[in-house]
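One structure below.
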Amino acid sequence: MKTSELNAIHAEIAALRSGKLAPTRAWKLEKLPDGSVRRIALKPETVRKANADKEAARLAQDARAALKVTQKDFATLLGVSLRTLHQWEQGRRKPTGAALTLLRVARSNPRAVMKAVSA
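Under the working numbering, think of the first position of the sequence shown as 403, with each following residue one higher.
Here's what the structure looks like:
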């Protein structure tokens, strides 16, 4: 297999995991009382939404780790409650709007965020 083909496969896997690309098929396995297993087809959009929610939780965690601050300090820096930050990091809620943009910037360029906030 060529390197370009392997790179394309890796890129597709990354897109599937991040929720940017919906799988063509997804299954949920359910164990029945008699010990057998039933396969249930899931809608691709359901899987994409679940993956996107996990990605949002990782984004909040990665951004805070990049800044090397506590949850309390990070929540104060973002102007949100500590509870909201907990919910973002645990995947119960998803950041939107300006908070989502700030998290993306914080993850990729933590120095810029610290400089902007300290000014």
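No residue lacks a Cβ here, since even glycine has one placed at the ideal position from N, Cα and C.
Do residue i and residue j have their C-beta atoms within less than 8 Å of each other?
i, j, result
"PRO454", "LEU505", "Rather than Pro, the amino acid found at residue 454 in this sequence is Ala. The answer is no: Cβ separation not under 8 Å."
"LEU480", "ALA501", "yes"
"LEU408", "ALA417", "no"
Just mark residue i as buried or exposed, buried being the case when its beta carbon has 16 or more other beta carbons within 10 Å.
i, result
"PRO435", "exposed"
"VAL439", "exposed"
"ALA508", "buried"
"LEU487", "buried"
Taking just the CA atoms, how far does residue j sit from residue i?
i, j, result
"SER520", "ARG419", "35 Å"
"LYS451", "LYS404", "32 Å"
"GLU414", "GLN492", "26 Å"
"ARG427", "SER510", "32 Å"
"MET516", "LYS496", "23 Å"
"ALA458", "ARG494", "10 Å"
"LYS445", "LYS433", "20 Å"
"GLN350", "LEU484", "Any question about residue 350 goes unanswered here, given that the chain covers just 403 to 521."
Measure how close the beta-carbons of residue i and residue j come, nearest whole angstrom, since I'm counting them as under 8 Å.
i, j, result
"LYS430", "ILE442", "5 Å"
"ARG466", "PHE476", "5 Å"
If you follow the alpha helix (DSSP H) that residue i is in, where does it begin and where does it stop?
i, result
"VAL449", "446-469"
"VAL482", "That residue, VAL482, is in no alpha helix (DSSP H); it is neither H nor E in DSSP."
What are the boundary residues of the beta strand (DSSP E) that residue i is part of?
i, result
"LEU431", "428-433"
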